[in-house]
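Numbering of the sequence shown is given in the numbering used here, commencing with residue 55 and proceeding in unit increments. Ideal Cβ positions, reconstructed from N, Cα and C, are used throughout, including at glycine.
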Amino acid sequence: MIVDFYFVLLNAIIAINAQSFEYNTEVKSCVTKINTEGECVPYYLCQNGKIITDGSGLFDTRTVGCTDYFEECCEPDNQHTVEESLTVKRNATYEPVCGKRNSEGLLLESLTDSIQGESQYGEFPWMAALLEKQSISESFEKSYKCGGSLISKNVVLTAAHCVKGKNPEDIVVRFGEWDSEKDYELFKHADHDVDKIVMHEKFYAPAVHNDIALLFLTTDVKFAETIDTICMPSQDQPIDLTRCFATGWGKNKFGNDEDDKEHPSMPKILKKIELPTLHHDECQTKMRNTRLGRRFILHDSFMCAGGEEGIDTCKGDGGSPLVCPVAGEEDKYYQAGIVAWGIGCGGKDVPGIYVNVAKFAGWINEQIALNDFDSN
Numbered sequence: 055m056i057v058d059f060y061f062v063l064l065n066a067i068i069a070i071n072a073q074s075f076e077y078n079t080e081v082k083s084c085v086t087k088i089n090t091e092g093e094c095v096p097y098y099l100c101q102n103g104k105i106i107t108d109g110s111g112l113f114d115t116r117t118v119g120c121t122d123y124f125e126e127c128c129e130p131d132n133q134h135t136v137e138e139s140l141t142v143k144r145n146a147t148y149e150p151v152c153g154k155r156n157s158e159g160l161l162l163e164s165l166t167d168s169i170q171g172e173s174q175y176g177e178f179p180w181m182a183a184l185l186e187k188q189s190i191s192e193s194f195e196k197s198y199k200c201g202g203s204l205i206s207k208n209v210v211l212t213a214a215h216c217v218k219g220k221n222p223e224d225i226v227v228r229f230g231e232w233d234s235e236k237d238y239e240l241f242k243h244a245d246h247d248v249d250k251i252v253m254h255e256k257f258y259a260p261a262v263h264n265d266i267a268l269l270f271l272t273t274d275v276k277f278a279e280t281i282d283t284i285c286m287p288s289q290d291q292p293i294d295l296t297r298c299f300a301t302g303w304g305k306n307k308f309g310n311d312e313d314d315k316e317h318p319s320m321p322k323i324l325k326k327i328e329l330p331t332l333h334h335d336e337c338q339t340k341m342r343n344t345r346l347g348r349r350f351i352l353h354d355s356f357m358c359a360g361g362e363e364g365i366d367t368c369k370g371d372g373g374s375p376l377v378c379p380v381a382g383e384e385d386k387y388y389q390a391g392i393v394a395w396g397i398g399c400g401g402k403d404v405p406g407i408y409v410n411v412a413k414f415a416g417w418i419n420e421q422i423a424l425n426d427f428d429s430n
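Structure follows, in structure tokens:
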């Protein structure tokens with residue numbers, strides 16, 4: 055679960071000017087924790103009390119001692135000198151394009167050791183986190199509820215079961231998020247309030263048929279390298295039997311013991327899993343081998359992906375997108391599914407069930423037009 059986390063702007067490390075980010079070259083003296091003379095540097099350039107000069111072993115711990123939030127008091131390594139400062143710039147003239155996957159990540163690929171199942175920073179810029187406002191004493195906390203995807207500058211696609219019974223003012227949508235518990239992302243996330251929630255009129259909660267909803271935002275998002283849209287399929291577009299990606303902050307370890315059920319393992323970094331898609335009839339046959347029984351009929355609003363042991367979406371992934379490659383275009387994707395439900399998680403030959411987005415392409419366009427929102 056995403057805990058409440060507040061990030062601060064990179065002020066002493068990164069000077070913001072015309073959407074560019076530049077590291078501060080000013081040298082500020084300090085006293086280290088072992089009472090030696092040091093310099094205030096970006097937190098990830100200090101390792102074992104020594105300034106890193108070769109880029110290796112970068113980490114994200116924070117300590118007190120310097121006035122700026124993202125600085126740490128660190129003793130210089132006198133064997134090396136810094137010849138020039140590092141400058142990281144955000145593209146001030148970014149041109150949005152739907153479905154562009156940044157497969158190698160953006161900027162932070164060298165700051166973390168990626169492990170299996172973790173996405174790269176900025177890899178899936180359409181990913182949205184739905185946060186629910188909760189009253190705590192006299193203040194509000196924001197806790198993770200579900201996933202979603204940005205489909206236009208002011209519309210988010212998610213599952214109806216995620217927002218059933220919710221008021222627009224209960225939900226905040228966060229874009230540009232990656233690590234839910236750390237704040238070393240160089241580009242700050244963006245939170246947007248919701249103006250209107252539209253659930254499919256034929257959503258049937260007991261069996262989650264037609265499990266689709268749109269969130270209309272109060273303000274347009276500002277497109278950037280880490281915030282962009284996912285492409286939409288055409289109405290009833292056939293699903294190619296290919297391997298697709300599902301993303302989310304849901305449970306990523308599966309087990310049957312009671313402790314696992316009561317305290318599920320939720321990832322801090324946005325996870326990605328690669329899954330095969332299945333024919334509707336094949337999926338129905340596999341689901342009939344579960345507790346659903348031999349008479350189970352898979353509703354035509356669903357599609358299926360997965361069935362490989364230990365690889366699955368799970369609790370907390372509801373509403374998150376399943377995206378498939380656009381044929382003939384490198385690193386370009388369209389949204390084929392929305393995480394809906396499953397029988398357990400990660401079982402062999404038990405696929406996950408997703409909303410078939412292509413079945414609702416016409417409904418999506420109709421709702422955007424009816425609500426007078428710009429679909430570009």
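Could you compute how far the alpha carbon of G370 sits from the alpha carbon of E420?
29 Å
In whole angstroms, what separates the C-alpha of S197 from that of D294?
36 Å
Alpha carbon to alpha carbon, what distance is there between K236 and N102?
20 Å
Taking the beta carbon of T272 as the centre, do at least 16 other beta carbons fall within 10 Å, making it buried, or is it exposed?
exposed
Smallest Cα separation from S288: which of N410, C100, D426?
N410
Could you give the C-beta distance for T283 and S374, rounded to a whole number, given that I count them as a contact under 8 Å?
That belief does not hold up - the Cβ atoms of T283 and S374 are roughly 15 Å apart, past 8 Å.
Give the straight-line distance between the Cα atoms of A259 and E384, rounded to the nearest whole angstrom.
38 Å
Looking at P179 and T280, is the spacing between their C-beta atoms short of 7 Å?
yes
Quick check: A394 and D265, are their CB atoms within less than 7 Å of each other?
yes
List the endpoints of the continuous beta strand (DSSP E) containing T212.
209 to 212
Would you call the CB atoms of V275 and F229 closer than 7 Å?
yes
Sequence-distant residues of the same chain with beta carbon closer than 6 Å to E363, five excluded per side:
K402
Residues of its chain near H353, where Cβ-Cβ distance is below 6 Å and the 5 sequence neighbours each way are ignored:
H263
Between which two residues does the alpha helix (DSSP H) carrying M341 extend?
334 to 342
CB contact flag (Y366, G400, <7 Å)
Note on residue identity: the sequence assigns Asp, not Tyr, to residue 366. Yes, they are a contact pair.
Starting from G416, follow the alpha helix (DSSP H) in both directions and report where the run begins and ends.
415 to 424
Within 10 Å of its beta-carbon, does P405 have 16 or more other beta-carbons around it, so buried, or fewer, so exposed?
buried
Out of curiosity, what's the CA-to-CA distance linking V252 and A267?
6 Å
Within the stretch 371 to 400, ranges of the beta strand (DSSP E) (whole runs, at least 3 residues):
375 to 379, 387 to 395
Boundaries of the beta strand (DSSP E) in which R349 is found, first to last residue
Counting along the chain, R349 falls outside any beta strand (DSSP E), and DSSP gives it neither H nor E.
Go ahead and pull the three-state DSSP assignment for D245.
strand
Rounded to the nearest angstrom, what separates G304 and I351 at their Cα positions?
27 Å
Could you tell me how far apart the beta carbons of T344 and C298 are, in whole angstroms, since I believe they sit closer than 8 Å?
In fact, because the Cβ distance is near 22 Å, the residues do not count as touching under 8 Å.
Output the boundary residues of the beta strand (DSSP E) element that contains N410.
405 to 410
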